[in-house]
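Before any comments, here is the structure.
Numbering (this note's numbering), first residue to last: 26 to 270.
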């Protein structure tokens, strides 16, 4: 089993660093997962500054994980597996898959947090994520008991608990829902104002015909570190879009 301080890796979808959606998400979260933390604007006194502080408090988790949609959730490497082997397998997988449609996006609540989700459900997204989960699971170390118990703090049904045991994550296969997280859990009384802020930030970008055209390998180097993009591979291509960090 992997040690408690082993790096964690995840397979995510995120648009290219220069894409307008990435730029908007970087401004919203205050962080660039491709190159660390973006310079933060100074917080001004008064109502506007207070709103900025409140927003920062409600975006801590997505800021740490980086702007993304989960395809294979964070995991530590199995003993005797190397990161180079994982990257080789990911490159091979990406080269064999065609880009997957997402379509236009909308701002929606997923449980009690806000995210960007497809306007129309896309079954092929679930197929792509399921393939990645199965194909790359040979690299995943078993969860520690502490991680397993932490996951169980969130209420899970029988199927989700089974997936957690077998695959290290409860929201796979028929429980998968493509979403790009924008906030932490938001109290009900704060949701209308935050929804308006999100719409102002992202409305011009919602109507593009999006697609998963690359797979990104994110890494968290230690338990206190933010996730960053290590490498990015174009689908149906051997093209490496971003070098390893």
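Where a beta carbon is used, it is the ideal one built from N, C-alpha and C, also for glycine.
Proximity below 7 Å, CB of residue i to CB of residue j
| i | j | result |
| --- | --- | --- |
| residue 88 | residue 54 | yes |
| residue 83 | residue 197 | no |
| residue 108 | residue 240 | no |
| residue 85 | residue 209 | yes |
| residue 96 | residue 38 | yes |
| residue 202 | residue 126 | no |
| residue 226 | residue 49 | yes |
| residue 252 | residue 193 | no |
| residue 200 | residue 185 | yes |
| residue 166 | residue 122 | no |
Environment of residue i [buried if 16+ CB atoms lie within 10 Å]
| i | result |
| --- | --- |
| residue 171 | exposed |
| residue 195 | buried |
| residue 256 | buried |
| residue 234 | exposed |
| residue 92 | buried |
| residue 143 | buried |
| residue 40 | buried |
| residue 207 | buried |
| residue 177 | exposed |
| residue 238 | buried |
| residue 173 | exposed |
Same chain, Cβ closer than 8 Å to residue i, five either side skipped, listed in chain order
| i | result |
| --- | --- |
| residue 262 | 119, 120 |
| residue 63 | A caution first: residue 63 carries a pLDDT of 45, below 50, which makes its placement in the model unreliable, though a value can still be read off. The residues are 51, 52, 55, 56, 57. |
| residue 157 | 36, 96, 97, 118, 240 |
| residue 224 | 132 |
Proximal residues to residue i (C-beta, below 7 Å), its chain only, five neighbours per side dropped
| i | result |
| --- | --- |
| residue 231 | 129, 130, 131 |
| residue 242 | 34, 36, 112, 115, 255, 256 |
| residue 149 | 125, 126 |
| residue 181 | 189, 195 |
CA nearest to the CA of residue i, picked from the options
| i | options | result |
| --- | --- | --- |
| residue 94 | 154, 123, 220 | 154 |
| residue 190 | 110, 169, 209 | 169 |
| residue 133 | 159, 246, 222, 43 | 222 |
| residue 80 | 47, 98, 138 | 138 |
| residue 249 | 46, 90, 45 | 90 |
| residue 135 | 152, 213, 159 | 213 |
Nearest-angstrom beta carbon gap, residue j and residue i [assumed within contact, 8 Å]
| i | j | result |
| --- | --- | --- |
| residue 205 | residue 140 | 6 Å |
| residue 111 | residue 164 | 5 Å |
Residue i CB to nearest heavy atom of the ligand SAM below 6 Å
| i | result |
| --- | --- |
| residue 88 | The ligand SAM is absent from the structure shown, which contains no ligands of any kind. |
Close Cβ partners of residue i (< 6 Å) along its chain, the five nearest in sequence each way excluded
| i | result |
| --- | --- |
| residue 42 | 59 |
| residue 183 | none |
| residue 45 | 230 |
| residue 159 | none |
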